[in-house]
Amino acid sequence: MLLGIKTKKELFLRHLFIGGLGLILVYLFYLSYQSWGVVPALWSDWSIDHAFWRSFAHAAFILLFLTLIIGPLAKLWPWFARFIPWRRELGIWFAILSAGHGYAILDRWALWDIQRFFGLEYVEALGGYAMFRPELGIMNMMAVIIFPMIMLLAITSSDRAVSFLGISSWKWVHNSLVHVIFYIIVLRWVLYAFFFFQPAIPDFKMYPPIWFLYPFLWMALFVVILQTVAFIKTVFLQRFAVEAQGGFQVLALIGIGMLLISPIALVVGSVSLLDSRIITPPSVSAAQSIPQNYARSFYMVIKDGNQNISLWAQNIDSDLYFRQTISIGDLA
Numbered sequence: 004m005l006l007g008i009k010t011k012k013e014l015f016l017r018h019l020f021i022g023g024l025g026l027i028l029v030y031l032f033y034l035s036y037q038s039w040g041v042v043p044a045l046w047s048d049w050s051i052d053h054a055f056w057r058s059f060a061h062a063a064f065i066l067l068f069l070t071l072i073i074g075p076l077a078k079l080w081p082w083f084a085r086f087i088p089w090r091r092e093l094g095i096w097f098a099i100l101s102a103g104h105g106y107a108i109l110d111r112w113a114l115w116d117i118q119r120f121f122g123l124e125y126v127e128a129l130g131g132y133a134m135f136r137p138e139l140g141i142m143n144m145m146a147v148i149i150f151p152m153i154m155l156l157a158i159t160s161s162d163r164a165v166s167f168l169g170i171s172s173w174k175w176v177h178n179s180l181v182h183v184i185f186y187i188i189v190l191r192w193v194l195y196a197f198f199f200f201q202p203a204i205p206d207f208k209m210y211p212p213i214w215f216l217y218p219f220l221w222m223a224l225f226v227v228i229l230q231t232v233a234f235i236k237t238v239f240l241q242r243f244a245v246e247a248q249g250g251f252q253v254l255a256l257i258g259i260g261m262l263l264i265s266p267i268a269l270v271v272g273s274v275s276l277l278d279s280r281i282i283t284p285p286s287v288s289a290a291q292s293i294p295q296n297y298a299r300s301f302y303m304v305i306k307d308g309n310q311n312i313s314l315w316a317q318n319i320d321s322d323l324y325f326r327q328t329i330s331i332g333d334l335a
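Just so we're aligned, residue 4 is where the sequence shown starts under this note's numbering, counting upward by one.
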C-alpha cells in the first residue's frame, strides 16, 4: 500500500483509534456545554440538542487541525514524518463527524424542513415564509458549500483513488480543497461565535460564555504560521542548494510568508479588538448568572372569588406537559 499499511488489521486499528478519539472529543465537548448550566427554560432558542450538534462540529475541527499540522511539522522536524500516514484516518473521521454535525442539525433542529434550514419560518399571517434567522441561513449555506468538498476528500482517501487519479492529480485535489475547507470553517466559526453569538441591540440577550472561543482562533493561526514556516524552510533549502541568498531575496521571502499569515492574523486581531470593545450592560450581566437549582415542574392555585384555578407544568426543559382545572365551590 502507498502509505505503508501492510495488513487490514493495522488499517482497522488505526480507524478504531482515530474514531475512538473523535467520539471521546464529542463527549468531552458535550460535557463542557452541560457544565455551563445551559437551560432551555432560560434560553428558549437553545434546544436540548444544541450541545449535541455543536460538539460534533468542535470535535471535527480538532481532527482537521491535527490533519493540517502533521505535514508542516514533518518538514520542520523529520521525526514527525512517522505520523504522515495517519492523516488519511484523521481526514476520514473529520468527514464522518462533520456529517454527524450536519445530520443532527437537519434532524433535531431543522426537522428536515429545507426552508427552516436556511433561516426561514412559516408566518401564518403572511401565508408564506419569511426570513427569521438570517445568521443561521448564512452559516448553513457555508456548510452546504464545503460539505461536497469534505465528502470528495473522504471518498478519494484510498490507494485505489490515488492509482485512479494519479499521484500528482490526487495531491492537487486534496491540497487545494482542504485549505478551502479550513478557511471557510474558520470564517464560519468567527461569524457564529463573535458576531451572531454576542449581545445585540435592542434586547442585548446574553448567552453563556464559550471557554474555547479564543483557543480555536489560536489553533487556526498556529496552522497557518506552521505551514508558512515550513514553506520558507523548503524554499531556503532549495535556493541554498543552487546559489547563495542575498539580503533582498531573504526579505522578499519573509514578506511572502507574512502575506500568507496575514488573512488569519487580521481575522484574529480584528475579532479580538471588536470583542474587547463590546459593552455589556450591568443589568444584562446580572441576568446571565444561572441558578444552580431551578424548578423543572411546578403547581399553583389561583383563587378568584369562589373559583380555584389549578395549574400544573411538568418537564419544562424537555417534553412539556401542561394542565389546568377550574373548581367552583365544591364542584370541579
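Backbone N, C-alpha and C fix where the C-beta goes; we use that ideal spot for every residue, glycine too. Bear in mind the structure is a predicted one, so any value in this text is a computation, not a measurement.
Can you tell me the Cβ-Cβ gap for F83 and L76, rounded? I've got them flagged as a contact below 8 Å.
Taking the sequence shown and counting its residues from 1, the one referred to as residue 83 is at position 80. Taking the sequence shown and counting its residues from 1, the one referred to as residue 76 is at position 73. Correct: roughly 4 Å between the Cβ atoms.
Would you tell me roughly how many angstroms separate the C-alpha atoms of A157 and M222, rounded to the nearest one?
Position 154 of the sequence shown, counted from the start, is the residue given in the question as residue 157. Position 219 of the sequence shown, counted from the start, is the residue given in the question as residue 222. Distance between the alpha carbons of A157 and M222 is about 23 Å.
Relative to the alpha-carbon of S160, which residue among R119, G74, W214 and G94 has its alpha-carbon at the smallest distance?
Numbered from 1 along the sequence shown, position 157 holds the residue referred to as residue 160. Of R119, G74, W214 and G94, the residue nearest in Cα terms is G94.
Enumerated in chain order, which unbroken segments of the alpha helix (DSSP H) with a length of 4 residues or greater are wholly contained in the segment 159-223?
Taking only runs of at least 4 residues, the alpha helix (DSSP H) segments lying wholly in the segment 159-223 are 162-168 and 170-193.
Per DSSP, S313 is paired with what?
As a first step, residue 313 must be located in the sequence shown, where it is residue number 310. Paired residue(s): V304 and T328.
Roughly how many whole angstroms lie between the Cα atoms of A44 and Q317?
As a first step, residue 44 must be located in the sequence shown, where it is residue number 41. As a first step, residue 317 must be located in the sequence shown, where it is residue number 314. With a pLDDT of 44 at A44, under the threshold of 50, the modelled position of this residue cannot be trusted, and the question is left open.
Please report how far the alpha carbon of G258 lies from the alpha carbon of A63, in whole angstroms.
Here residue 258 is taken as the residue at index 255 of the sequence shown, counted from 1. Here residue 63 is taken as the residue at index 60 of the sequence shown, counted from 1. If you take the alpha carbons of G258 and A63, they lie about 32 Å apart.
I'd like to check one pair, I213 with A233: are the Cβ atoms closer than 8 Å?
Within the sequence shown, numbered from 1, the residue matching residue 233 stands at position 230. Within the sequence shown, numbered from 1, the residue matching residue 213 stands at position 210. No; because the gap between Cβ atoms is not below 8 Å, this pair is not in contact.
Quick check for students: name the residue ranges of the beta strand (DSSP E) that lie wholly in the segment 93-139, counting only runs of 3 or more.
Correct list: 123-126 and 131-134.
Using the three-state DSSP reduction, which class does I281 fall into: helix, strand or coil?
For this step, residue 281 is matched to residue 278 along the sequence shown. Correct three-state label for I281: coil.
Taking just the CA atoms, how far does Q230 sit from S179?
The residue given as residue 179 occupies position 176 in the sequence shown. The residue given as residue 230 occupies position 227 in the sequence shown. About 14 Å.
DSSP state of F231, grouped into three classes?
The count along the sequence shown starts at 1 and reaches residue 231 at position 228. A small fix is needed here, since residue 231 is Thr in this sequence, not Phe. Three-state result, T231: helix.
Does the Cβ of K11 have 16 or more other Cβ atoms within 10 Å, making it buried, or fewer, making it exposed?
As a position in the sequence shown, residue 11 is number 8, starting the count at 1. Counting Cβ neighbours within 10 Å, K11 comes out exposed, since fewer than 16 surround it.
Of the residues I153, E124 and Y36, which one's Cα is nearest the Cα of L100?
Sequence index remark: in the sequence shown, residue 100 carries index 97 (1-based). For L100, the nearest C-alpha among the options comes from I153.
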